[in-house]
Amino acid sequence: DTGVSQDPRHKITKRGQNVTFRCDPISEHNRLYWYRQTLGQGPEFLTYFQNEAQLEKSRLLSDRFSAERPKGSFSTLEIQRTEQGDSAMYLCASSFNDRVGVDNSPLHFGNGTRLTVT
Amino acid sequence: DQQVKQNSPSLSVQEGRISILNCDYTNSMFDYFLWYKKYPAEGPTFLISISSIKDKNEDGRFTVFLNKSAKHLSLHIVPSQPGDSAVYFCAASPWGGAQKLVFGQGTRLTINP
Chain A
1 DTGVSQDPRH
11 KITKRGQNVT
21 FRCDPISEHN
31 RLYWYRQTLG
41 QGPEFLTYFQ
51 NEAQLEKSRL
61 LSDRFSAERP
71 KGSFSTLEIQ
81 RTEQGDSAMY
91 LCASSFNDRV
101 GVDNSPLHFG
111 NGTRLTVT
Chain B
119 DQQVKQNSPS
129 LSVQEGRISI
139 LNCDYTNSMF
149 DYFLWYKKYP
159 AEGPTFLISI
169 SSIKDKNEDG
179 RFTVFLNKSA
189 KHLSLHIVPS
199 QPGDSAVYFC
209 AASPWGGAQK
219 LVFGQGTRLT
229 INP
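Residue numbers (my numbering), protein chains in the order written: chain A, 1 to 118; chain B, 119 to 231.
As structure tokens, then:
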């Protein structure tokens, strides 16, 4: 169990540029989540996948954000036309769920990607 | 609208004593609660959870208490150790909805030798 891996750890970009982050979940986990954390706050839910299907998106996820999990393994989160308000820590988490509609298995988080938009 | 609140941004406790971290919630649909611990430059790590059918859950030095009528939960750490110094997040979700955790703002716990 190598844990949830996120790449890159840090990203500095200029406003208006596009950025893409990658998350590799724990291998046997079928659910993958993206959260965002800003300074002084707890993580906020963005979206999650069951295998390759994106099942829910928060209203925090504007149309500039897109997430994919094409083969049900790793996931990418892309932010287009970045804004300074996008500066945050982007956390990926995974879990295993074996019952449709019910999931109380704890989330395992990666160490995050810290995005700074200048 | 902050549905999960941790009103103490920081807490300082002497090594060996009890640490008590508090959390309040407003959404009556929440019935599954978790505590996560976070060290600098790392992601949150799951500590302990409790469902609304219980009022107490214990795991080693960590105990979580749930008071549903008051919409309040607390995490007790006994005895506190220097390695417990971290930021602690309370989180909540509806039953079966662990994927959409709602987190509090966190409490920074410092254990003094």
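Note that the Cβ used here is the ideal one computed from N, Cα and C, for glycine as well.
Which residue wins for smallest C-alpha separation from residue i, given the options the options?
i         : options                                       : result
Arg9(A)   : Asn97(A), His108(A) and Met89(A)              : Met89(A)
Phe45(A)  : Thr116(A), Phe109(A), Leu115(A) and Pro25(A)  : Phe109(A)
Lys11(A)  : Leu107(A), Pro106(A), Leu61(A) and Asp86(A)   : Asp86(A)
Gly201(B) : Leu152(B), Pro231(B), Asp142(B) and Ile168(B) : Pro231(B)
Phe49(A)  : Val19(A), Glu68(A), Ser5(A) and Ser27(A)      : Glu68(A)
Cys23(A)  : Gly16(A), Thr47(A) and Leu32(A)               : Leu32(A)
Val131(B) : Thr144(B), Pro197(B) and Ala210(B)            : Pro197(B)
Thr20(A)  : Gln6(A), Ser27(A), Leu60(A) and Asn30(A)      : Gln6(A)
Asn30(A)  : Phe74(A), Glu78(A) and Thr116(A)              : Phe74(A)
Ile166(B) : Asn145(B), Cys208(B), Thr144(B) and Arg226(B) : Cys208(B)
Phe183(B) : Ile136(B), Asp173(B) and Ser211(B)            : Asp173(B)
Ser187(B) : Phe180(B), His194(B), Ser170(B) and Asp177(B) : Ser170(B)
Ser95(A)  : Leu60(A), Ser27(A), Thr38(A) and Asp63(A)     : Ser27(A)
Gly72(A)  : Thr2(A), Arg15(A), Pro25(A) and Gly3(A)       : Pro25(A)
Asn145(B) : Ser203(B), Lys189(B), Phe180(B) and Asp177(B) : Lys189(B)
Pro127(B) : Asn140(B), Leu193(B), Lys218(B) and Arg135(B) : Asn140(B)
Asn51(A)  : Leu77(A), Glu78(A), Asn97(A) and Ser58(A)     : Asn97(A)
Thr47(A)  : Arg59(A), Ser105(A) and Gln37(A)              : Arg59(A)
Gly178(B) : Gln199(B), Asn185(B), Ala159(B) and Ser203(B) : Gln199(B)
Asn111(A) : Asn125(B), Leu129(B) and Pro158(B)            : Pro158(B)
Assuming the contact rule is C-beta atoms closer than 8 Å, residue i and residue j should be a hit. Round their C-beta distance to whole Å, please.
i         : j         : result
Gly40(A)  : Gln223(B) : 6 Å
Phe151(B) : Ile168(B) : 5 Å
Lys155(B) : Asp142(B) : Contact doesn't hold; Cβ gap of about 19 Å is too wide.
Thr228(B) : Tyr206(B) : Contact doesn't hold; Cβ gap of about 11 Å is too wide.
Leu91(A)  : Gly161(B) : 6 Å
Phe148(B) : Ser211(B) : 6 Å
Gln17(A)  : Thr82(A)  : 6 Å
Arg64(A)  : Gln84(A)  : About 13 Å separates the two Cβ atoms, so there is no contact after all.
Could you tell me the boundaries of the beta strand (DSSP E) in which residue i lies?
i         : result
Met89(A)  : Ala88 to Ser95
Ala209(B) : Ala204 to Ser211
Ile171(B) : Taken as a continuous stretch (DSSP letters only), Ile171(B) belongs to no beta strand (DSSP E), as it is neither H nor E.
Val19(A)  : Val19 to Asp24
Arg59(A)  : Counting along the chain, Arg59(A) falls outside any beta strand (DSSP E), and DSSP gives it neither H nor E.
Gln121(B) : Unbroken run through Gln121(B): none, as it is neither H nor E.
Asp7(A)   : Ser5 to Asp7
I'd like to know if residue i contacts chain C, where contact means its C-beta is closer than 8 Å to some C-beta of that chain.
i        : result
Asn30(A) : This model lacks chain C altogether; the protein chains it does include are A and B.
Just grab the DSSP bridge partners of residue i for me.
i         : result
Asn230(B) : Gln132(B)
Thr163(B) : Lys155(B)
Ala67(A)  : Leu77(A)
Val220(B) : Ala210(B)
Thr13(A)  : Val117(A)
Leu184(B) : Leu191(B)
Glu52(A)  : For Glu52(A), which the question treats as bridged, DSSP gives no partner whatsoever.
Leu139(B) : Leu193(B)
Phe45(A)  : Tyr35(A)
Glu83(A)  : Answer is none; Glu83(A) lacks a bridge partner.
His108(A) : Ser94(A)
Asn175(B) : Val182(B)
Thr225(B) : Tyr206(B)
Problem - Interface positions of the segment 78-89 of chain A facing chain B (Cβ-Cβ less than 7 Å), listed along the chain - result: Within the segment 78-89 of chain A, no residue has a Cβ that lies closer than 7 Å to any Cβ of chain B.
Problem set entry | Contact set between the segment 106-117 of chain A and chain B, restricted to residues whose Cβ is under 8 Å from the partner | Contacts with chain B (Cβ-Cβ distance below 8 Å) from the segment 106-117 of chain A involve Pro106, Leu107, His108, Phe109, Gly110, Asn111 and Gly112, listed in chain order.
**Request:** Anything in the segment 158-185 of chain B with a Cβ closer than 8 Å to a Cβ of chain A? List those residues in chain order, please.
**Result:** Residues of the segment 158-185 of chain B whose Cβ lies closer than 8 Å to any Cβ of chain A, in chain order: Ala159, Glu160, Gly161, Pro162, Thr163, Phe164, Ser167 and Ser169.
With 9 Å as the limit, tell me which residues of the segment 138-149 of chain B have their beta carbon closer than that to any beta carbon of chain A; keep them in chain order.
Cβ proximity to chain A below 9 Å picks out nothing from the segment 138-149 of chain B.
Taking a cut of 9 Å between CB atoms, which residues from the segment 121-132 of chain B lie near chain A?
So the close ones are Val122, Gln124 and Pro127.
| said: Short of 8 Å Cβ to Cβ, which residues in the segment 189-207 of chain B face chain A? | reply: So the list reads Phe207, given in the order they occur along the chain.
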